[in-house]
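In this note's numbering, the protein residues as written are 22 to 635. Using N, Cα and C, we set each Cβ at its ideal position, and we do this for glycine too. In what follows, a structure is listed as structure tokens, so that the remarks can point back to it.
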């Protein structure tokens, strides 16, 4: 019966199925195979699963399951190609680290031959040989999206002036690059960027060298008239201090310095994201026009970004954003513009998403709250993370940035309308979160709540493991009747000296008591939030740092409301909620927005760092 449905209905069904299910359905009959094969293979992702072996992709495993003829038949449907790897540890160079050790055991390679140049060439050669196997099976002019997310240099045969993409895939519309700006060789092999003339969405993170900026400018020069989304991230270092916004938009010749007053304009640009890019202290009116077309603006640690927001707030033609992200340290900018964010927020209406990561700002008063309140009627997503310098010891001689609770959180209900906001993230402790959310809980529309903290501050902890251990202890206590379900956190009943609990709590004995108390406080808040006395609309609760995918996996935890129709109470660690992972796409269905993207907003630090920052 299913096999006889019209093709249009089968395509619609495939949109709601996970990839594995689509692949399985395609094996039922020849007709279903012909219909579902293009859907299965329209998106291909190659991975280096080991961060220490970035030149070993899973290409061989693909061809183990597909002979060359079948691979050609399948990959001719590919429109989206991604090459990626985890980036959990920041290293001095991702390009040749593993290759040096790998080549040591090769025949004919003596230790004297293990120079950086030889290792790097072999590293790129390994990548080139594997990727070329996939390229040979693609239809020319078929790719619409290409992503290089290894965090390494790109082989010349891919992005060179005579490389594969420039010659055979010139119609790419979405381009996403993540390169190793710390590598001396990263500046080479990117001449083909200027030959791509249909790019609508351009993202490049990890830029450091002037030659890379010139390659990027060449691509912008060919695509600025129809570009819709632009995201550029520099890797800060001694070499990149002089690289700025002017180097991107200037059309003048030379070594990266704009020598003519003429600059590129972006009439169709709606999304702009800049990271670690020095902005000019004054924008000409023609360059301000670029910002007036935007609907989404992200500024992450860009010198002079407060000055830019101040200038935009004074423009007669007011900017109308749907989304604003600003991450900045007040110590790096002009003190005269400390209130630039509140001025900018007050200069227009209609903001839907606001993400702020504020470091070392002076105490924010009523003007800041009024700036958020100006968008009370439309604001759906709000992220606020504040950090301040704090002494490391009683002497106060040394200080470092620490997370702090916002001093205006007591006015939260005045700043936002909890009947409108669906996603909320605050750098706040669980006890304070309950205090500010409980009064409005009955009419709240909150679906996702994120209690944020910075992962690097807790790298010596494994908060996720501590919470799981406590959940196991709760489950055991409930099953044997030590305490009634839901009453475990009513009072201080975590007795680590009770022999009946020693089995599940022994792993926590080495943890410091304040850290264990933090995990307990989170579960206590979760118990309330998902209970009948909590927030009825709440679907998921996050705790910790979700920056940069899985980099801080041990310093974060995510739970959702238990679905009684799918899960019995007996299968749950706790009666009202169950843990889940960010990558669990099925769980995010039904949310009013992309929950995973929201959790990753305002990341702490950069994805790719320079050794000069250590």
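Annotation for residue 89: the continuous alpha helix (DSSP H) segment containing it runs 89-96. Counting C-beta atoms within 10 angstroms of its own C-beta, residue 325 has 16 or more neighbours from the protein chains shown and is therefore classed as buried. Counting the other Cβ atoms within 10 Å of the Cβ of residue 610 gives fewer than 16, which makes it exposed.
For the pair residue 248 and residue 221, the CB atoms are nearer than the 8 Å cut-off. For residue 340, there is no enclosing alpha helix (DSSP H), since its DSSP letter is neither H nor E.
Contact annotation: residue 154 and residue 84 have beta-carbon atoms nearer than 8 Å.
Residue environment: residue 73 is assigned as exposed (fewer than 16 neighbouring CB atoms within 10 Å of its CB, all protein chains considered).
Sequence-distant partners of residue 216 (beyond 5 residues in either direction) whose C-beta falls short of 6 Å from its own C-beta, in its chain, are 187. Note on geometry: alpha-carbon atoms of residue 177 and residue 136 lie some 20 Å from one another. Between residue 211 and residue 233 the beta-carbon gap is near 7 Å, inside 8 Å, which marks them as a contact.
When the five nearest sequence neighbours on each side are left out, the beta carbons in the same chain lying within less than 7 Å of the beta carbon of residue 603 are those of 567, 579, 617, 620, in order along the chain. Two segments are said to touch when three or more pairs of C-beta atoms, one from each, lie closer than 8 Å; by this definition the region 312-327 touches the region 288-298. The Cβ-Cβ distance between residue 190 and residue 78 does not fall below 8 Å. Within the region 414-498, the runs of alpha helix (DSSP H) at least 4 residues long that lie entirely inside it are, in chain order, 433-436, 451-458. Per DSSP, the continuous alpha helix (DSSP H) segment holding residue 241 begins and ends at 231-244. Judged by DSSP in its simplified three-state form, residue 249 adopts coil rather than helix or strand. Looking at 360, 372, 402, 365, the one whose alpha-carbon comes closest to that of residue 383 is 360. Counted as a single uninterrupted DSSP element, the alpha helix (DSSP H) harbouring residue 188 occupies residues 185-189. For residue 81, the three-state secondary structure derived from DSSP is helix.
Annotation for residue 150: the continuous alpha helix (DSSP H) segment containing it runs 137-156.
For residue 195, the enclosing beta strand (DSSP E) covers residues 195-199. Between residue 622 and residue 376, the CB-CB gap stays under 8 Å. Just so you know, the alpha carbons of residue 371 and residue 451 end up roughly 30 Å apart. Under DSSP, residue 320 shares a beta bridge with 295, 347. Residue pairing by DSSP leaves residue 215 without any beta bridge partner. For the pair residue 404 and residue 378, the Cα-to-Cα distance works out to about 8 Å. Separation of residue 183 and residue 605 (C-alpha to C-alpha, rounded to the nearest whole angstrom) is 41 Å. Residue 256 places its beta carbon less than 8 Å from that of residue 627. A Cβ-Cβ separation of about 13 Å leaves residue 108 out of contact with residue 168 under the 8 Å criterion.
Sequence-distant partners of residue 448 (beyond 5 residues in either direction) whose C-beta falls short of 6 Å from its own C-beta, in its chain, are 406, 407, 424, 473. Burial is judged here by how many other beta carbons sit within 10 angstroms of a residue's own beta carbon; residue 162 has fewer than 16 and is exposed.
Within its own chain, the residues whose Cβ lies closer than 6 Å to the Cβ of residue 367, once the five positions on either side in sequence are excluded, are 392, 395, listed in chain order.
Distances from the alpha-carbon of residue 341 to those of 197, 312, 70, 95 put 312 closest. The three-state reading of DSSP puts residue 571 in coil, since its state is none of H, G, I, E or B. In the displayed model, residue 167 falls within a strand according to three-state DSSP. Here DSSP, grouped into helix, strand and coil, assigns residue 382 to coil.
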